[in-house]
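Per the working numbering, residue 2 is the first one in the sequence shown, and the count goes up by one each step.
Just so it is clear, CB atoms sit at the ideal spot from N, CA and C, and this is done for glycine as well.
Quick caveat: nothing in here was measured; it's all calculated off a predicted structure.
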Amino acid sequence: VTVEAVAEDGGKDLEVAVTVGKHLVPVTDWRFEIWDSEGNLVVRRQGEGRLPTLKIPNKKGLRYTLELRDDFGNKLVKRNQKLKIVKADAYTGKTKKLKRWINEF
């Protein structure tokens, strides 16, 4: 699970995306909270299925708590994690493919 925030509009706003890797059992429900450095709640969302992309104001010291649950009741909890902020020009959302074959690995 990766959580990244992309700085847009000159760094004024952040677009937060949660990516869940391929798993045999899909995520059924989730809860996502983002807090600023002063302990104020910036956003709280919960739901079922896929996590939406969130747009939030860019503040210093953002931290998040994420809870995911699958069909079998397995639970993943990430508490009080620092939110990684990436500049929009550096973020592509995809891995780069090489145009030529590399003979040596």
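- DSSP places Gly-48 in the strand class (E or B) of the three-state scheme.
- When the beta-carbon positions are compared, Gln-47 and Arg-32 come within less than 8 Å of each other.
- Here Ile-86 is not near Ala-18, since their CB atoms are 8 Å or more apart.
- If you look at Asn-81, you'll find it in the beta strand (DSSP E) that goes 76-83.
- Taking C-beta separations shorter than 7 Å and ignoring five residues to either side along the sequence, the partners of Leu-42 in its chain run Glu-34 and Trp-36, following chain order.
- About 20 Å separates the beta carbon of Leu-84 from that of Val-28, a gap too long to meet the 8 Å contact definition.
- With 16 or more other Cβ atoms from the protein chains shown falling within 10 Å of its own Cβ, Leu-15 counts as buried.
- Burial state of Leu-77 is exposed, judged by a 10 Å Cβ sphere holding fewer than 16 other Cβ atoms.
- Apart from sequence neighbours up to five positions away, the residues of its chain that approach Arg-80 with a beta-carbon distance below 7 Å are Thr-66, ordered along the chain.
- Take Gln-82, set aside five residues on each side of it, and the residues of its chain with a beta-carbon closer than 8 Å to its own are Val-4, Arg-64, Tyr-65, Thr-66 and Leu-67, in chain order.
- Remark: C-beta atoms of Lys-61 and Ala-8 do not approach each other more closely than 8 Å.
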